[in-house]
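The opening position of the sequence shown corresponds to residue 704 in this note's numbering, with each subsequent residue numbered one higher. Here the structure is laid out as structure tokens; the discussion comes afterwards.
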Amino acid sequence: MGLDADDSSSSSGAVNEVIIKWYDQLGNEARQCRERSIAAIQSSGAVTSTTIDFPGIPTADLAGRVAVRELAQRAAGLKRFKVRLDRRAYRIEPGGLFRLSDPRRGISNIVLRAGRVEVGSLTDATITISAVQDVYGLPAAALSEPQSSFWVPADTTPRPVEVRRLMETTWRDLAQDLGPGDLDALDPGATYISALGVKPSSTALSYLLFTRVGGNAFAERDSDAFCPSGTIRAALGKYDTTVDVLGVTDLDLVEVGTTALIDDEIVRIDAINFDAARLTIGRGCIDTVPAAHNAGARIWFFDNNSAWDPSAYGPGVAVQARMLTQTSQGTLPESAAPVDTLVTRLRQGRPYPPGRIRIGGEREPVSAAGELTVSWAHRDRKLQADRVIDAEAAGIGPEPGTTYSLRLVRKDNNAQLAIVTDVAGDSAQIGPAQYTGPVVLEVWAVRDGMESWQRWRVEFRYSPV
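Below, the structure is given as structure tokens:
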């Protein structure tokens, strides 16, 4: 046995940094890891880098180990040996591994990889092997460990819509979606259902609307995005036009000129201060009248953000509905969705209530006496079509066949004190009544026996004289 050659290659100009590009199968993205030989960088005074693509590597740990291997191959000065062994080395084949120790040369238990193997002859049994230091095997660990992520994957489980509402579709909403011919063909004795829902989670994408009547099976009617919604910060008076909102989901999707619903009043969005979450609004729009609202009342920005059931329903029909949340994971099972019920009142076919109510020239008098002069502004749902007109706007119309009714009642027990019906113009007189105390004046529109969706209710103190 003997060692005939012991050569080492120069490390001058050798690579001292290796970048491994690999592909994260779980994250579905290309990534890379980097290993450096600090000693080699200090020795050469510069970073000599090389990049190697390994698209089949799926994990950061394996990429780090491969980077260590590739760096060792390129940065270390490889040792080459030519050794003579006796017949006990007969099992070593090209590419095989064996250990070598030579105390005289200061070599202790170095791992070599066989290259050329000469098996000798009948007269000379010596086995001669040309070998290099083994730097081709993977290390047990990388020099640096990948940083663990603190990111927690979002929960994409479909959850029930907890905050939701059913409403009858307004004439204005139908006018937005239907052509003039289809709009004229609508039966005043039919109504339609819309659904509003707030995102139950940040991963919710949309929802399916299912409805039914009676014991029939639920049927899918529509799908839509969730409705931006929040609450109002403070109590809102009947004629306040500025409101602060809290916790609105997707406020950035709300646009000026669109509609919102506060309790049962529809308002128009005239301005938005996104930084202060403050809205300027027009009151009592479409078929509603101004009303006071408590702090915490929910506001729905429902314009183009509602699902619609195209089925036509008659009056007094109890329509049941379910909203099935959709996420990237799937759709909420129908059995897990709560059921809501709405009894129809033929909303879209009713005349609009009048606007701009005045009692003796005042919007909200503190007190009034004797015969009362009441004036108003006409409204016409067909002329207004898809326009959003607030309660204080000038008169439009009226819709053919519309008349107005007025009623004076006691506030404490709702007993009727006086009534006037079938008024075709834009003013009327009512009273006097033999009563002193708080009263409520109601004003509403009538057409073809159908009353307006809402009535004006103005409170003040009344006396006969």
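Positions of the beta carbon are idealized from the N, C-alpha and C atoms, including for glycine. Please read all numbers here as calculations on a predicted model, not as lab measurements.
*Rounded to a whole number of angstroms, what is the C-alpha to C-alpha distance between residue 926 and residue 934?*
25 Å
*Since residue 772 and residue 726 are thought to touch, with beta carbons under 8 Å apart, how far apart are those beta carbons, to the nearest angstrom?*
Going by Cβ atoms, the distance from residue 772 to residue 726 rounds to 19 Å, so no, they are not a contact pair.
*Would you list the residues sitting across from residue 1150 in a DSSP beta bridge?*
1105 and 1153
*Out of curiosity, what's the CA-to-CA distance linking residue 768 and residue 802?*
23 Å
*CB-CB under 8 Å to residue 1016, same chain, minus the five flanking residues each way: which ones, in chain order?*
Leaving aside the five residues that flank residue 1016 on each side, the residues in its chain whose CB is nearer than 8 Å to its CB run, in chain order, 893, 894, 895, 896, 916, 1022 and 1047.
_Would residue 655 and residue 1028 qualify as a contact pair, given that the criterion is a beta-carbon distance under 8 Å?_
Residue 655 lies beyond the residue range present for the chain, which begins at 704 and ends at 1168; the question has no answer from this structure.
_Pick from 1148, 884, 1111 and 994 that is closest to residue 1081, judged by C-alpha positions_ = 1148
*Would you mind listing the beta strand (DSSP E) stretches within the stretch 1039–1064 that are 3+ residues and don't spill past its ends, in chain order?*
1043–1046 and 1058–1062
_Quick check on this structure: which residue in 1163, 1168 and 1043 has the alpha carbon closest to the alpha carbon of residue 1136?_
Out of 1163, 1168 and 1043, the CA that lies nearest to the CA of residue 1136 is found in 1168.
*What beta strand (DSSP E) runs, 3 residues minimum, are completely inside the stretch 907–955?*
909–916, 922–927, 932–935 and 945–949
_Alpha-carbon spacing of residue 1073 relative to residue 999, whole angstroms_ = 39 Å
_8 Å Cβ cutoff met for residue 834 and residue 823_ = Residue 834 places its beta carbon 8 Å or farther from that of residue 823.
*Does the Cβ of residue 775 have 16 or more other Cβ atoms within 10 Å, making it buried, or fewer, making it exposed?*
buried
*Roughly how many whole angstroms lie between the Cα atoms of residue 1154 and residue 860?*
45 Å
*Apart from the five residues on each side of it in sequence, which residues of its chain come closer than 8 Å, Cβ to Cβ, to residue 793?*
822 and 830
*Is it right to say residue 931 is buried, meaning 16 or more other beta carbons lie within 10 angstroms of its own, or is it exposed?*
buried
*May I ask which residues mark the beginning and end of the beta strand (DSSP E) holding residue 836?*
830–836
*Strand pairing of residue 1141, partner residues [DSSP]*: Its beta-bridge partners are 1164.
*Do you know offhand how far residue 965's Cα is from residue 982's?*
13 Å
*Is any heavy atom in the ligand GDP found nearer than 7 Å to the beta carbon of residue 1032?*
Within the structure as shown, the ligand GDP is missing, as the structure has no ligands at all.
_Which residue marks the beginning of the alpha helix (DSSP H) containing residue 887, and which one marks its end?_
883–887
*Minimum Cβ-Cβ distance from residue 1088 to chain D less than 8 Å*: Any reference to chain D falls outside this structure, which holds one protein chain only.
*Can you tell me the Cβ-Cβ gap for residue 992 and residue 1094, rounded? I've got them flagged as a contact below 8 Å.*
6 Å
_Considering only their Cβ atoms, is the gap separating residue 1164 from residue 1069 smaller than 8 Å?_
yes
*Measure from the alpha carbon of residue 1129 to the alpha carbon of each residue in 1109, 742 and 777, then state which is nearest.*
1109
*How many Å lie between residue 959 and residue 757 at the Cα?*
Distance between the alpha carbons of residue 959 and residue 757 is about 53 Å.
*Rounded Cβ spacing between residue 1142 and residue 1158 (contact assumed at less than 8 Å)*: Contact doesn't hold; Cβ gap of about 15 Å is too wide.
*Three-state secondary structure (DSSP) of residue 841*: coil
*Under 7 Å Cβ to Cβ from residue 739, same chain only, skipping five residues before and after it: list those, please.*
Excluding sequence neighbours, residue 739 sits near 719 and 720.
_I'd like to know whether the C-beta atoms of residue 1034 and residue 908 end up nearer to each other than 8 Å._
no
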